[in-house]
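Chemist: Using numbering that gives the first Met the number 0, the letters of the sequence shown correspond one by one to residues 0 to 312.
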Amino acid sequence: MKILLTGAAGFIGFHTTKKLLERGDEVIGIDNLNNYYDKKLKLDRLTLLKKYKRFEFVKKNISEGIPSIDQVDGIINLAAQAGVRYSIENPLEYEKSNNLGTLQVFEYARHNKIKNIVFASSSSVYGNVTEYPFHEEMKIDTPISLYAATKKSNEEYAYVYNHLYGINMTGLRFFTVYGPFGRPDMALFIFTKNISENKPINVFNHGNMKRDFTYVDDIVSGVVSALDNINGYNIYNLAGGRSVELNYFIKEIENNLGKNAIRNNLEIQPGDVLKSDADITKAKNELNYSPKTSIEEGIKNFVNWYKDYYSLK
Ligand SMILES: NC(=O)c1ccc[n+]([C@@H]2O[C@H](COP(=O)([O-])OP(=O)(O)OC[C@H]3O[C@@H](n4cnc5c(N)ncnc54)[C@H](O)[C@@H]3O)[C@@H](O)[C@H]2O)c1
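This is the structure we're talking about:
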């Protein structure tokens, strides 16, 4: 297959592109290489992808439209302004990259007769829902960050494009994805960095928060399967299948670094949810999704990657 993948230099985009290339697909990757976090990580990911002959990279902001490219069999739309906390500081960027950018991708598909689109949604669409575990049929009318609101509207745009133009649309609600080459704005990266540099870590809600963390290889298997099994309009939760307390997560990082954290215990931040816990039955049944990496193994892999990448002893 020939796939257009947006956000190819991003964390999940990089791992997904690599997987597609390894199995023999061709990938045209688009990314605007923005400065939201250290660009070196994005450039290093691209260097690894450029080793594959079947990879082509186009630097472009998707909110300005998709450049003319060869006909593709499907699109995976992962480009977005990510991060719940940054959406409080810079809401307009979310409107541009997530809403307008997604609409540009859908319009490109419509005008170029591309029939299959897999796109990234997020667990944050569950917002203030307090009934657990979250399942796809729940009413999600209570987003608590602009980031979440844009992801919910992406799902609605997708419904419209499926209804009007018959484009197959699969939205994937990712639950806190982590792993090697992960994002520097996320807890695992920040905690690993600060603990290894003997700097304090900010622990929100005193660590009494729970997240259904998902190892990146498991997410990638879900994304690829979603593309292979696309049919009509569908939304799936993709999660690790186990909700883990933040305090336990920190303990595991400490164990792997052989150092204790200096904790700065704080109240919960605006926009943060207390708990995420996913029902992944639909993805298991329809996508054969089966997360394989435990949190203990996943954190170990990340810390090993971090030490290697930043040349720590
Ligand atoms: N990582 C997670 O835990 C998580 C959880 C839920 C949802 N998601 C979603 O998954 C997708 C991938 O997330 P990620 O963690 O890999 O983030 P990331 O920031 O590492 O990757 C996103 C990439 O998109 C690019 N990008 C952003 N705006 C763009 C634009 N307007 N035009 C072109 N490129 C643009 C960025 O440069 C970046 O390389 C995003 O849609 C994100 O919202 C991620």
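C-beta: ideal position from N, C-alpha, C; glycine also. The structure displayed is predicted, hence computed values, not measured ones.
1. Looking only at its chain, what residues have a beta carbon closer than 6 Å to the beta carbon of GLU244, apart from the 5 residues adjacent to it on each side?
2. Is any non-hydrogen atom of ligand 1 found closer than 7 Å to the C-beta of THR5, if you look at the structure I gave you?
3. Please classify TYR131: does DSSP put it in a helix, a strand, or coil?
4. Between the stretch 37-55 and the stretch 105-119, do three or more beta carbon pairs fall short of 8 Å?
5. By the DSSP assignment, the alpha helix (DSSP H) with PRO90 in it spans what residues?
6. Check for me: the beta strand (DSSP E) holding LYS150 runs from which residue to which?
7. Kindly list the residues whose CB is nearer than 6 Å to the CB of ILE339, restricted to its own chain and excluding five residues on each side of it in sequence; keep chain order.
8. With the cut-off set at 8 Å, would you say TYR232 and TYR146 are in Cβ contact?
9. Just to confirm, does GLY270 get its C-beta within under 7 Å of one of the non-hydrogen atoms of ligand 1?
10. What number of angstroms, rounded off, separates the C-alpha of ALA282 from the C-alpha of TYR235?
11. Out of SER120, ASP69, LYS17, which has the shortest C-alpha to C-alpha gap to ASN176?
12. Could you tell me the boundaries of the alpha helix (DSSP H) in which ILE218 lies?
13. So is the beta-carbon of ASP216 under 7 Å away from any non-hydrogen atom of ligand 1?
14. Touch check for the stretch 81-101 and the stretch 18-27: three-plus C-beta pairs under 8 Å?
15. At a cut-off of 7 Å, would you count SER275 as near ligand 1, judging by its Cβ distance to the nearest heavy atom?
16. Mind checking which residues open and close the alpha helix (DSSP H) that includes ARG44?
17. Assuming THR15 is part of the alpha helix (DSSP H), what are its boundary residues?
18. Can you list, in chain order, the residues of its chain whose CB lies under 6 Å from that of ASP211, leaving out five sequence neighbours each side?
19. For the stretch 68-109, which segments carrying the beta strand (DSSP E) assignment without a break, of at least 3 residues, lie completely within its bounds, in sequence order?
20. So does SER122 have its beta carbon nearer than 7 Å to some heavy atom of ligand 1?
Modeler: Judging by the given coordinates:
1. LYS209
2. yes
3. coil
4. no
5. 90-93
6. Element bounds for LYS150: not the beta strand (DSSP E) but the alpha helix (DSSP H), 145-164.
7. With the chain covering 0 to 312 only, the question about residue 339 has no answer from this structure.
8. no
9. no
10. 6 Å
11. Per the sequence shown, the amino acid found at residue 176 is Val instead of Asn. With distances taken between Cα atoms, VAL176 lies closest to SER120.
12. 215-227
13. no
14. no
15. no
16. DSSP places ARG44 in the uninterrupted alpha helix (DSSP H) bounded by 38-48.
17. For THR15, the enclosing alpha helix (DSSP H) stretches over residues 10-21.
18. PHE174, ALA238, GLY239, SER242, SER275, ASP276, ALA277
19. Entirely contained in the stretch 68-109, the beta strand (DSSP E) runs reaching 3 residues are, in chain order, 73-76.
20. yes
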